[in-house]
Amino acid sequence: MRHQSVLRSVRSMAVLSTALVAAVLLGGCAKSTSNMAAPSLYSQLGGQQGITTVVHAFLINVSKDPRINGRFAHANIAKLQTALVNQIGQLSGGPQVYTGPDMYQAHKGMHITDAQWNAFMEDFSDTLKEEHVTPVAQQELIDLLAPMKSDIVGH
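Just so you know, the sequence shown maps onto residues 10 to 164 in my numbering.
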């Protein structure tokens, strides 16, 4: 009988020890996963391939938009696509490097209006939705592009 009592105590201690170890390990896991960094915007956009897909679809959308497609009538679309992919890649934390002119120089003398800027951004936002970019990533990217307005509009 005494032997059974000791055995029960040992089992109880083993169960308690196992529960304690599990709690410590799970607690550690919970802390480490909650402290893990969210994926970069570049990663959320699908890296080089995802950004290239979005830019290509965006340029198609712009070409169909009579509010602004005239602005791109004489543009070298292949060069523009490469520049946009590099610019968005760099802005979103990717390895790309945008080597084109700053936005003020690139748009100087074009007299872009607020309405044209808004159409451009609307087309871009619509493209992000069409390409199933998450709402969080959409907003983060739009927030990175929005400050460029002052260098693009009205010059």
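Where is the CB? At the ideal position from N, CA and C, for every residue including glycine.
Inset, instruction - Go ahead and label Q105 buried or exposed: buried means 16 or more other beta carbons lie within 10 angstroms of its beta carbon, across all protein chains shown. - result: Numbered from 1 along the sequence shown, position 96 holds the residue referred to as residue 105. Around the beta carbon of Q105, 16 or more other beta carbons sit within 10 angstroms, so the residue counts as buried.
Legend entry - Where I77 falls: helix, strand or coil (DSSP): If you number the sequence shown from 1, residue 77 lands on position 68. In the structure shown, the three-state DSSP call for I77 is coil.
Inset, instruction - In the DSSP assignment, find the alpha helix (DSSP H) that holds D111 and state where it starts and stops. - result: Your numbering for residue 111 matches position 102 in the sequence shown. In the DSSP annotation of this structure, D111 is not part of any alpha helix (DSSP H), being labelled neither H nor E.
Inset, instruction - Taking 8 angstroms as the cut-off, decide whether the C-beta atoms of A47 and E140 are in contact. - result: Here the question's residue 47 lines up with position 38 in the sequence shown. Here the question's residue 140 lines up with position 131 in the sequence shown. The answer is no: Cβ separation not under 8 angstroms.
Legend entry - Cα-Cα separation between D74 and D135, rounded to whole angstroms: The residue labelled residue 74 in the question sits at position 65 within the sequence shown. The residue labelled residue 135 in the question sits at position 126 within the sequence shown. Each residue's Cα considered, the two are about 12 angstroms apart.
Inset, instruction - Would you check if there are 3 or more beta carbon pairs closer than 8 angstroms linking the region 124 to 132 to the region 81 to 94? - result: Cβ pair count under 8 angstroms is below three, so no.
Legend entry - Burial state of V64 (16 or more Cβ within 10 Å): Translated into the one-based positions of the sequence shown, residue 64 becomes position 55. Burial call: buried.
Inset, instruction - Pair every Cβ in the region 120 to 128 with every Cβ in the region 156 to 163, then say whether three or more of these pairs are closer than 8 angstroms. - result: Yes: at least three Cβ pairs fall under 8 angstroms.
Legend entry - Where the alpha helix (DSSP H) containing N70 begins and where it ends: As a first step, residue 70 must be located in the sequence shown, where it is residue number 61. DSSP places N70 in the uninterrupted alpha helix (DSSP H) bounded by 56 to 72.
Inset, instruction - Starting from the C-beta of V71, find all residues in its chain whose C-beta is less than 8 angstroms away, skip the five residues before and the five after it, and write them out in chain order. - result: Your numbering for residue 71 matches position 62 in the sequence shown. Here the set comprises I77, N78, F81, F129, D132.
Inset, instruction - From the DSSP output, read off the bridge partner residues of I121. - result: As a working note, residue 121 is residue 112 in the sequence shown. Assignment of beta-bridge partners to I121 by DSSP yields V162.
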